[in-house]
Amino acid sequence: MRLSIFNLIMVGIFTVIFVLFIFVKWQEKNEKIKTLNNEIAVMQTKINQAEKVGTKALAYTRIVRGLDLITGRRLSARQRNILAERLFSISNDYKIDPVLILAVIHQESKGNPKARGVYLSGVESGALGLMQIKYESALEVARSVDVKISSPEDLFVPEKNLMLGTAYLLRLIAKYKNLQHALIAYNIGFGTIDEKLKAGDALPTKYYNKIMQNYIFLSKRIFNDIF
C-alpha cells in the first residue's frame, strides 16, 4: 500500500514536471511565433512601401516618356521635369490617367508650348500653348489652382498652361460626369454642347475619337519603350 502511494506521488510529481516542461516549451514556442509574426509584419510593411515606391516610379516614368514622345526637343530638360512633376501630382490628387492629359496635349498642340490655334479661315482662335486653352477660360480656373496669369503670354509657360488646361478639363469632367461630353466641350465649348444636349442633337465625336486614338497610341508606345 505504501508503495502504491509512493508510486502515485512520484507519478504526480513527474506529471507536474512534465506539464511545467510542456508549458515552458509552449511559452518559448509562443514567443518565437510572436517574434516571427512581428518580423513578417515588418517585412510586409517594407514590401508594401517598396511596391508603392515602385508604382510611383513607374507612373512617373510613363509621364516622362510620354512627354518625350509628344514634345521632342521643344522643351528643356528642366521644363520637362517640372511638367512631369506637376502632371504626376495632378494624376494622384484627382485620380486621372496622366496619359489622357498627354493625349489631349498631343491633339491640341503636338507638344508645342508656343502653339497658337487658328480657325480654318486662318484667323487665330485665341487658343494658346500646350493644351490650347483660351485666356478667358484660363482666368476662370486660375485662382482655383493658384496659378497667376496677367496676360495671354503667360499661357506659353508650359507648366502654367498644363495646370490651367488640366484644371479646365477636370472642371468639365465634374460638370458632365461623362468623359466623352467633357472632351467634346473642351473642344467646342460647354455652351455649344449644352445647347446640343438640351435640343437632343447628335454630338460631334470626331475630336473625342482622336483623343482616344492618341491615348491608345501613347499607351502602347510608352509600354513598349519601358518594357
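For the sequence shown, the positions run 1 to 227 when my numbering is used. Just so it is clear, CB atoms sit at the ideal spot from N, CA and C, and this is done for glycine as well. Quick caveat, the model's predicted, so the values are computed rather than measured.
Hey, out of the options, whose CA is closest to residue i's CA?
i, options, result
"TYR119", "GLU108, PHE190 and ASN112", "GLU108"
"LEU155", "PRO98, PRO204 and LEU130", "LEU130"
"PRO113", "PRO152, ALA142, THR61 and VAL19", "PRO152"
"VAL141", "ARG116, TYR168, GLY126 and ILE149", "TYR168"
"TYR135", "ARG78, GLY122, VAL123 and ASN161", "ASN161"
"VAL64", "PHE21, PRO98, THR55 and GLU31", "PRO98"
Could you spell out where the alpha helix (DSSP H) holding residue i opens and where it closes?
i, result
"ARG80", "77-94"
"LEU139", "135-142"
"ALA174", "158-176"
"GLU195", "190-199"
"LEU218", "206-226"
Could you tell me the boundaries of the beta strand (DSSP E) in which residue i lies?
i, result
"LEU102", "Note, LEU102: premise wrong, no beta strand (DSSP E); alpha helix (DSSP H) at 98-109."
"VAL118", "116-118"
"LEU128", "124-128"
Alpha carbon to alpha carbon, what distance is there between residue j and residue i?
i, j, result
"SER144", "LEU164", "9 Å"
"VAL147", "VAL157", "11 Å"
"GLY111", "GLN132", "10 Å"
"ALA121", "ILE216", "Checking the displayed sequence, the identity of residue 121 turns out to be Ser instead of Ala. Computed Cα separation, rounded: 31 Å."
"VAL53", "SER219", "Low confidence applies here, because VAL53 scores a pLDDT of 48, under 50, leaving its location unreliable; read the following figure in that light. Roughly 21 Å between the two C-alpha positions."
"LEU139", "ALA182", "19 Å"
"ARG171", "GLU85", "21 Å"
"ALA202", "GLU195", "11 Å"
"ASN214", "ASP93", "23 Å"
What do you reckon, are the CB atoms on residue i and residue j nearer than 8 Å?
i, j, result
"ARG102", "LEU67", "The sequence as given places Leu at residue 102; Arg does not occur at that position. Yes. Within cutoff."
"PHE88", "ALA59", "yes"
"GLU236", "ILE82", "Summary: the structure shown does not reach residue 236, with the chain confined to residues 1 through 227, and so no result is reported for it."
"ILE222", "ARG62", "yes"
"ILE173", "ILE184", "no"
"ILE90", "THR166", "yes"
Checking contacts by CB at 8 Å: is residue i closer than that to chain D?
i, result
"ILE105", "Note that chain D does not occur in the displayed structure, where there is just one protein chain."
Q: Please determine if the stretch 60-79 and the stretch 162-181 are in contact, where contact requires at least 3 C-beta pairs separated by less than 8 Å.
A: As far as the Cβ criterion goes, the stretch 60-79 does not touch the stretch 162-181, which means the pair count is below three.
Q. Counting pairs of beta carbons, one from the stretch 74-93 and one from the stretch 180-194, are three or more of them closer than 8 Å?
A. Per the Cβ contact rule, the stretch 74-93 is not in contact with the stretch 180-194 (fewer than 3 Cβ pairs under 8 Å).
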